[in-house]
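So the structure is just underneath, and the comments pick up after that.
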Amino acid sequence: MRTIEHWIGGAPARGTGTRTAPVWNPATGEQAAQVLLASPSDVDTAVAGARKAATEWAQASLSRRSKLMFALRDLLERYETDLARIITAEHGKVLEDARGEVVRGREVVEFACGIAHLLKGGYSDQVSANVDSYSFRQPLGVVAGITPFNFPAMVPLWMHPVAIACGNAFVLKPSERDPSASVFVAQLYADAGLPDGVFNVVHGDKEAVDAILDHPDIAAVSFVGSTPIARYVHQRGSQVGKRVQALGGAKNHAVVLPDADLDHAAEQLTAAAYGSAGQRCMAVSAVVAVGAAADPLVAKLKERAEAITVGPGSDPASQMGPVVTEQARQRIRTATTGGVEAGATLVVDGRDRTVEDHPDGFYLGPSLFDRVSAEMEVYREELFGPVLVVLRADTEQQAIELVNANPYGNGTALFTSSGEAARRFQREVTVGMIGINVPIPVPMAYYSFGGWKASLFGDTHVHGPEGVAFYTRAKVVTARWPHHADPAQQAQLHFPTAH
Ligand code: NAD
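One gets the numbering used here by counting positions in the sequence shown from 1 and adding 5 to each.
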């Protein structure tokens with residue numbers, strides 16, 4: 006059985022932890038490897054090395070850091086297919102989808118290539134007589150990332166290129182369900198010339214997470230995962246004085262108005278609901294069909310959902326791969342059955358879909374519900390699987406109220422041909438990322454990514470300008486080069502004011 010090791014101090018490491026977790030191939034249902042689970046002492050070893058490396062790395066010139074990012078960017082392009090294959094093998098998503106996540110992650114590295122520009126401070130000449138004032142930002146030291154299974158390359162890439170370009174060392178605790186992508190990226194960093202110890206990977210579960218949250222030498226934690234764990238990470242990390250940004254779960258609504266191009270909407274919504282088997286934090290999982298849009302939209306969604314080819318992610322003919330584990334499959338099946346029992350209309354039933362030659366793979370077909378109400382569990386819970394629910398509303402205003410009453414606020418989309426309706430929607434929804442006729446409005450790397458309400462705990466979103474602010478702290482200098490001949494510069498005992 007292959008064993009997936011940590012990456013500490015610039016090399017693979019076995020650590021001292023004795024526990025392991027299985028890593029599955031979701032397409033076949035077979036165990037593909039085992040991953041080491043870090044003990045608190047393994048976390049401590051990684052942090053001790055990172056701390057030493059961070060001291061030196063913080064002295065690296067901006068041009069050296071930027072050159073490093075350019076080199077990493079080129080390697081991520083050269084090895085795009087290799088990394089995508091690793092993702093598909095452990096996550097299950099189809100290869101083109103995996104390639105897409107590598108590309109979107111690489112865009113953050115491209116953003117970080119401009120670190121010299123991003124870290125420019127401000128300068129004010131003559132704020133008082135012969136006094137100038139200027140600001141600059143410095144790295145925090147050692148920072149950590151804790152990431153979910155659903156984007157094993159892209160979500161960590163939201164974090165570490167920005168943190169490292171800002172002059173920090175990084176300790177990544179990726180999902181134990183698909184850990185290999187992070188080790189591959191660690192090797193690319195080494196090949197790009199990053200000094201040992203600046204980027205580390207420790208695999209693990211709650212034990213490693215708690216060791217990170219409690220570690221006195223980790224200054225900040227970025228977390229992405231489900232809402233209960235995000236809330237926990239934010240509370241425990243903040244309690245000991247760390248900076249924490251913790252992105253949580255989602256229930257993303259797409260509102261479809263009767264004036265929308267319904268073919269376009271159905272096409273886009275099918276891709277957004279069932280792509281990656283619905284295991285995206287920005288997946289559309291609830292459609293709010295307004296007025297006369299409902300009947301024709303449901304018919305078009307049905308037709309498209311039934312036409313989706315389900316199969317192994319490595320097969321180019323597959324449009325949708327398996328879900329990540331057998332446990333996830335059972336959970337999604339049970340929730341779907343719950344929707345039927347609650348009285349929703351199951352228009353397309355994907356619960357028992359099988360794939361030829363892969364009887365043990367963790368497959369589900371797409372499921373589509375109509376006439377779902379806001380009280381039903383199938384709407385209230387984040388199912389994180391290929392299940393799309395349709396709710397009906399009479400007006401755009403009612404639809405907006407539904408979106409805003411939901412505890413999550415990650416992403417939402419409006420389908421319409423009315424600029425006026427779009428403007429009202431984008432101003433009134435209590436959601437962080439909004440699409441207008443765009444179903445998955447993931448911001449480009451030079452904007453920041455983050456939701457509202459139960460989708461994010463903390464003050465800053467990830468990557469983009471807010472990422473740079475998160476991984477640095479500011480200094481403001483007020484400076485005078487005294488020359489005593491000037492009577493205006495005589496010290497006074499009262500509080501200094503500009504003159
Ligand atoms: P998860 O919360 O189970 O795991 C996330 C991380 O937390 C993993 O590294 C895991 O090892 C760790 N973890 C799990 N249980 C823990 C515990 N009890 N104590 C401490 N740490 C623990 O999430 P997941 O199933 O890997 O990913 C899916 C979830 O992530 C969904 O809810 C999805 O919406 C969310 N997600 C959100 C975003 C976003 O940007 N808001 C992006 C991707 C995924």
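Every residue gets a Cβ at the ideal spot worked out from N, C-alpha and C, and that includes glycine.
Keep in mind it's a predicted model, so treat the numbers as computed, not measured.
Remark: C-beta atoms of aspartate 264 and threonine 33 do not approach each other more closely than 8 Å. In the DSSP assignment, histidine 11 forms a beta bridge with Ala18. Inter-residue distance for proline 166 and proline 317 is about 31 Å (C-alpha atoms, whole angstroms). Assigned with DSSP and collapsed to three states, valine 481 falls in strand. Bridge partners of valine 315 according to DSSP: Met325. Taking tryptophan 62 as reference, the option from Met449, Pro144 and Ala474 with the minimal CA-CA separation is Pro144. Per DSSP, serine 290 is one residue of the beta strand (DSSP E) stretching across 289–295. Counting along the chain, serine 372 sits inside no alpha helix (DSSP H); it lies in the beta strand (DSSP E) bounded by residues 372–375. Straight-line spacing of the CA atoms in arginine 182 and phenylalanine 154 works out to 6 Å.
Taken in chain order, the whole alpha helix (DSSP H) runs of length 4 or more contained in the region 18–71 are 45–62.
Of the heavy atoms belonging to the ligand NAD, none sits nearer than 7 Å to the Cβ of isoleucine 441. Linking arginine 83 to proline 327 through their CA atoms gives a straight-line distance of about 27 Å.
At a threshold of 7 Å, isoleucine 13 does not count as near the ligand NAD, since its beta carbon sits no closer than that to any of the ligand's heavy atoms. The closest heavy atom of the ligand NAD lies less than 7 Å from the beta carbon of lysine 178. When C-alpha distances from glycine 126 are compared across Val481, Gly253 and Val467, the shortest belongs to Val481.
In this structure, lysine 247 lies away from valine 229, with their beta-carbon atoms at least 8 Å apart. Note on geometry: alpha-carbon atoms of arginine 7 and glutamine 36 lie some 10 Å from one another. For the pair of segments examined, the region 288–307 was found to touch the region 389–406: the number of CB pairs separated by less than 8 Å reaches three. The region 122–136 makes no contact with the region 198–216; the number of CB pairs closer than 8 Å stays below 3.
Taking non-hydrogen atoms of the ligand NAD into account, the C-beta of glycine 230 is found less than 7 Å away from one of them. DSSP places arginine 182 in no beta strand (DSSP E); its state is neither H nor E.
If only uninterrupted beta strand (DSSP E) runs of at least 3 residues are considered, those enclosed by the region 142–179 are 147–151 and 174–178. Straight-line spacing of the CA atoms in valine 395 and valine 147 works out to 45 Å. With a contact defined as Cβ atoms closer than 8 Å, proline 444 and leucine 274 qualify at about 6 Å.
About 6 Å separates the CB atoms of valine 207 and valine 48; that is less than 8 Å, so the two are in contact.
Alanine 312 and proline 184 have their C-alpha atoms some 32 Å from each other.
Apart from the 5 residues on each side of it in sequence, histidine 468 sits with its Cβ closer than 7 Å to the Cβ of Val113, Phe116, Trp163, Val167, Ala450, Ser453 and Phe454 in its chain, given in chain order. Short note on aspartate 210: C-beta closer than 7 Å to some heavy atom of the ligand NAD. According to DSSP, isoleucine 223 shares a beta bridge with no other residue. For the pair of segments examined, the region 184–204 was found not to touch the region 134–142: the number of CB pairs separated by less than 8 Å stays below three. Taken in chain order, the complete beta strand (DSSP E) segments of 3 residues or longer contained in the region 344–425 are 350–353, 372–375, 392–398 and 416–420. The beta carbon of phenylalanine 500 is closer than 6 Å to none in its chain, skipping five residues each way along the sequence.
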